[in-house]
Amino acid sequence: MSKLYIIAGCNGAGKTTASYTVLPEILECREFVNADEIAKGLSPFNPSSVAIEAGRLMLKRIGELLSDGVSFSVETTLSTRSYINLIQQAQNQGYSVSLIYFWLNSPELAIERVKQRVANGGHDVPAPIIRRRYRSGLENFFRIYMPCVDYWMLADNSCTPRVIVADAFRLGDEAHIYNQELFTKIRSYVN
């Protein structure tokens with residue numbers, strides 16, 4: 693069965709870093725479609741200048757992979773509802789969809805990590821956008837995306853090693869909560 697992995701979390705949560713390890717080595721997924729990485733390939737010194745073109749290329753590549761029935765992964769903050777159609781399309785084509793959400797314990801930690809990334813030559817995201825996406829991504833994870841994927845996992849990536857907080861399969865499986873206190877804390881961020 694083909695698989696779609698959605699690697700999610702706020703800016704600075706470690707999505708790309710984790711993807712380069714988890715996807716090929718643990719999940720045996722060799723296709724990672726990431727608009728930020730595409731933009732860096734198009735314009736290494738000014739990736740933000742080609743963000744729209746990178747987004748177009750990302751969508752084109754996703755369409756090709758779905759057409760070919762190839763397992764692949766995408767990365768997102770989940771700050772919008774835009775991945776609902778992709779999830780439904782993939783499931784309608786027989787894909788199993790897994791969502792891995794990397795949580796950080798505060799927007800300030802996310803902002804600090806993005807600053808570190810910029811200092812190391814990575815792309816910037818303004819602090820107000822990070823704060824907004826921190827909350828909206830978490831809300832969308834719980835309200836919109838958890839119920840529609842085949843499997844989800846919530847991990848605290850605030851420090852090393854990351855902690856798996858909870859996970860569940862869609863079909864009649866209750867969530868396995870491995871750290872109730874932390875799960876309750878994370879859930880409290882959602883209105």
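With the working numbering applied, the sequence shown corresponds to residues 693 to 883, in that order.
Yeah, the Cβ is synthetic: ideal placement off N, Cα and C, and Gly gets one too.
Cα separation between residue i and residue j?
i: I869; j: L757; result: 33 Å
i: Y837; j: I776; result: 7 Å
i: R879; j: E800; result: 18 Å
i: F861; j: N726; result: 25 Å
i: D865; j: P839; result: 11 Å
i: P853; j: A819; result: 26 Å
i: R825; j: S771; result: 5 Å
Judging by CA-CA distance, which residue of the options is the nearest neighbour of residue i?
i: N871; options: N883, V855, L770; result: V855
i: A710; options: V817, W795, S880, K807; result: W795
i: Y881; options: Y712, T772, F833; result: F833
i: V714; options: Y697, A819, E804, V762; result: Y697
i: G829; options: P853, A802, R809, Q808; result: A802
i: I779; options: T769, A867, P736, S790; result: S790
i: R722; options: Y826, V841, K695; result: K695
i: I730; options: P716, L719, I754, E717; result: I754
i: V841; options: L719, M693, E745, Y787; result: Y787
With a cut-off of 9 Å, does the C-beta of residue i fall near any C-beta of chain D?
i: Y870; result: Among the protein chains of the structure shown there is no chain D, as only one such chain exists.
Starting from residue i, follow its DSSP beta bridges and name the residues at the other end.
i: M845; result: I792, D859
i: H868; result: D859
i: F737; result: Beta-bridge pairing links F737 to no other residue.
From the DSSP output, in three-state form, read off residue i for me.
i: T769; result: coil
i: V725; result: strand
i: A700; result: strand
Apart from the five residues just before and just after residue i, which ones in its own chain have a Cβ nearer than 6 Å to its Cβ?
i: N797; result: S850
i: F875; result: V857, A858, I869
With a threshold of 8 Å on Cβ separation, who are the neighbours of residue i within its own chain once the five nearest residues in sequence on each side are excluded?
i: N883; result: E831
i: E804; result: G704
i: R773; result: N832, I836
i: A847; result: I792, Y793, F794, W795, R854, V855, I856, V857
For residue i, collect the residues of the same chain with a Cβ closer than 7 Å to its Cβ; drop the 5 residues on either side in sequence, then sort them by chain order.
i: E767; result: I699, K707, T708, S711, N726
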